[in-house]
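> I'd like to ask you about the structure that follows.
Residue numbers (the numbering used here), protein chains in the order written: chain A, 6 to 382; chain B, 6 to 382.
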């Protein structure tokens, strides 16, 4: 049986069912980010209630704490975290390569120091697969190198070739029936992206991810690279655009044929007070909301909008109450889940292009994100 | 109609119904502490689900942020905070007097500097009542001075007399039908406690609180003071022991005839990983729980115990996930609410003394609270 059953194609947009070890995931899907085995500030029951079917967790983080062996002993990530749905684990390549001077890349693997306690670790492509199998992920990701932007053609090319060789070793190391996706790298060079995709296709994987974006490149360059690669990918395999993004990016990605997305934006922005509404983003800390008796978004059915005013939510945020992070996150994820449902409905009904145009003409990004950060790790 | 309808007396323990502007509160009651108009880390729906009928909020904190005028404009604390039940507001005397050099006490009132921004404020007994009426509290507290421990007989006596005069002014300033409780002070001097109680009884209030405890005094001294005062209080008026305490303190207080309790212990301890179980307290951060697949307390029906293992809860705590604070707090408050229900049932069935003895012989305080603090303010 194929992992992906495509049900409907509308332009390049696809409605499909991804079969996993923990249920069917309807795509296009947005995966809330649960880096450490928990989506920050919310609970598993909220995620179920809002219709999340698949979460992302991070193999690097869970390898360091509490350890993949411990999670295997506790019955795998789903049982450990009390989550009934599917889980995709990122290899942690992005996190490891973000460590800068704390890591060293060699053909055999990567040496790095823990961001938690400075302890030294060596991870090979084979071990990264084992970690993810110990975690019991439904979808595992090959180890890849995410190059900085900008990087030279020479370095990017050599790195993408190593990523391809690492992917082959990941495939060979695979022992369980979980799905294994490879990551197309190649920086912002079209020829390198194509060459990497062709190399990975030759090996053959259960799905293909487009990685190495959101590293500071202009957005049109990212879309150019996506266009280059996506036409090469077989229609029967899932396509995953990693770490993207804003609603306008998701709808754009779907239009190009992407099936899967993940991003810290809804959760991280929530903890910074930046809330998504149909009319764009607002920042709840603004003084104008001090006596605003209305909900965040009158058309939203989440617990925060059904029960609390902007005035109260602003108070909670200003007073740094923990429930502020909870309510803001519930709202933003609820918005994203509803947004993806609307995208899927429009494909099912053959009116995605109309949905896309209406959305793009009406959507306002809203207030600028102020950048003060609470890290997702 | 009297505010308190005593339904059953068992020894000195009383089962009663406190009639408030927002429903009937069954006593003995434990009020979760929602200092800033939110019980830290949990949500109003959780509090309703676990059977909380009355919350405590703090007039001093809400006066400073977001302001009692704003909350009045938004319809009062219940509407503002989306809470259907009753609310008692502490005057904030304890917080103001804790400010030390930042405050000055005079007969007319108290001058103090905000702990948030250093701004200077002057509060009179009359204004404190107005603040609480603006908040829409169901039970307001008179302004009182909580003296340090130890304090001289002379200072404590003069202070308790001023607290009594302030209480008279609070009573005269009262404009709405909400209940007004006075606070019996007098430090750790039996004669001063009695004199203060008699002075307040002469004025007459809707209820009487015993304040000025948990300031470092030996516990037996506190109970001595409670014994001195409680015999003087009229049986038809509610009695509130402020800021107390551990389960063993609550059951002791009930045995002496106390009806109402509040304390940050269940919520603050939760955020430090200290969890209440029928067998005593445990600290979830201990390494022994790393691979413990059982719930916090197998006899508990809270969301944390129904869904998650000690192993996962320890991981969340060690990883500083926000959901750790949420789940721990839900559990501890659920424990307290269940504990108070069992106390009320035992009074209703005329077997409180048996309940008391069994509890006191079986209860182990458990692991010592490690003292690392996240402040409730």
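Idealized CB from N, CA, C, for every residue including glycine.
Please go through the same chain and pick out, in chain order, the residues whose beta-carbon is closer than 8 Å to the beta-carbon of residue 27 of chain B, but skip the five residues on each side of it.
Answer for residue 27 of chain B: 83, 89, 90, 91, 92 and 143, listed in chain order.
> Please state whether DSSP places residue 214 of chain A in a helix, a strand or coil.
It is a strand residue.
> With a Cβ-Cβ cutoff of 7 Å, do residue 47 of chain A and residue 282 of chain A count as a contact?
no
> To test your reading of the DSSP string, which unbroken alpha helix (DSSP H) runs of 4 or more residues are found completely within the region 85-163 of chain B?
98-103 and 130-140
> Apart from the five residues on each side of it in sequence, which residues of its chain come closer than 7 Å, Cβ to Cβ, to residue 364 of chain A?
These residues qualify, in order along the chain: 256.
> Pick from A:250, A:63 and A:107: whose alpha carbon is nearest that of residue 224 of chain A?
It is A:250 whose Cα lies nearest to the Cα of residue 224 of chain A.
> Within 10 angstroms of the Cβ of residue 8 of chain A, are there 16 or more other Cβ atoms? Answer buried if so, exposed if not.
buried
> Please state whether the Cβ-Cβ distance between residue 148 of chain B and residue 67 of chain B is less than 7 Å.
no
> Would you tell me roughly how many angstroms separate the C-alpha atoms of residue 248 of chain B and residue 99 of chain B, rounded to the nearest one?
10 Å
> Can you name the residues that DSSP bridges to residue 288 of chain A?
A:279
> Determine the extent of the beta strand (DSSP E) in which residue 28 of chain B is found, giving its start and end residues.
Residue range 28-32 is occupied by the beta strand (DSSP E) that includes residue 28 of chain B.
> By Cβ distance below 7 Å, which residues in the same chain neighbour residue 280 of chain A in space, the five residues on each side in sequence not counted?
Here the set comprises 286, 287, 289, 301, 333, 336 and 337.
> Would you say the region 230-246 of chain A touches the region 163-176 of chain A, given that touching needs at least three Cβ pairs under 8 Å?
The region 230-246 of chain A is not in contact with the region 163-176 of chain A.
> Cα separation between residue 195 of chain A and residue 114 of chain A?
26 Å
> Pull up the DSSP beta-bridge partners for residue 346 of chain B, would you.
Residue 346 of chain B is not bridged to any residue.
> For residue 85 of chain B and chain A, any beta-carbon pair shorter than 7 Å?
Yes, residue 85 of chain B counts as interfacial toward chain A.
> List the whole-angstrom C-beta distance separating residue 32 of chain A from residue 254 of chain A, where the pair is believed to meet the contact cut-off of C-beta under 8 Å.
Contact flag wrong, Cβ pair sits at about 16 Å.
> Mapping the DSSP letters down to three states, classify residue 384 of chain B as helix, strand or coil.
Chain B is shown from 6 up to 382; residue 384 of chain B falls before or after that span and cannot be answered.
> Closer than 9 Å, Cβ to Cβ, to anything on chain A: give me those residues from the region 258-282 of chain B, in chain order.
276
> Which bits of chain B does residue 200 of chain A rub up against, with CB to CB less than 8 Å?
Residues of chain B passing the Cβ test: none, with the nearest at roughly 39 Å.
> Closer than 7 Å by beta-carbon distance: list the chain A residues that pair up with residue 53 of chain B, in chain order.
Here the premise fails: no neighbours, minimum Cβ distance about 11 Å.
> Kindly indicate if chain A contains any beta-carbon less than 7 Å away from that of residue 330 of chain B.
Yes - at least one Cβ of chain A is within 7 Å of the one on residue 330 of chain B.
> Check whether the Cβ of residue 41 of chain B lies closer than 7 Å to any Cβ atom in chain A.
yes
> For residue 53 of chain A and residue 87 of chain A, what's the separation of their Cα atoms in angstroms?
Cα to Cα, the separation comes out at about 11 Å.
> State the Cα-Cα distance for the pair residue 351 of chain A and residue 17 of chain A, rounded to the nearest angstrom.
13 Å
> What does residue 327 of chain A touch in chain B if you count any residue whose Cβ is under 9 Å from its own?
When 9 Å is used as the limit between beta carbons, residue 327 of chain A is near these residues of chain B: 43, 45, 46, 47, 276, 327, 330, 331 and 334, in chain order.
> Tell me the rounded alpha-carbon separation between residue 134 of chain B and residue 342 of chain B.
29 Å
> Does the region 309-328 of chain B come within contact of the region 55-75 of chain A, defined as at least 3 CB pairs closer than 8 Å?
Yes, since at least three Cβ pairs between the region 309-328 of chain B and the region 55-75 of chain A fall closer than 8 Å, the two stretches touch.
> Quick check on residue 173 of chain A: does DSSP put it in helix, strand or coil?
Correct three-state label for residue 173 of chain A: helix.
> Which residue's Cα is closest to the Cα of residue 321 of chain B: A:284, A:348 and A:45?
A:45
> Would residue 39 of chain A be called buried (16 or more neighbouring beta carbons within 10 Å of its own) or exposed?
buried
> For residue 30 of chain B, collect the residues of the same chain with a Cβ closer than 6 Å to its Cβ; drop the 5 residues on either side in sequence, then sort them by chain order.
23, 58, 59 and 91
> Can you name the residues that DSSP bridges to residue 35 of chain B?
B:266
> Given that residue 126 of chain A touches chain B, what residues does it touch there, using C-beta distances under 8 Å?
The contacting residues do not exist; residue 126 of chain A stays about 18 Å from chain B at best.
> Distance check for residue 160 of chain A and residue 191 of chain A, CA to CA, integer angstroms please.
10 Å
> Could you check which residue in B:205, B:94 and B:118 has the C-alpha nearest to that of residue 168 of chain B?
B:205
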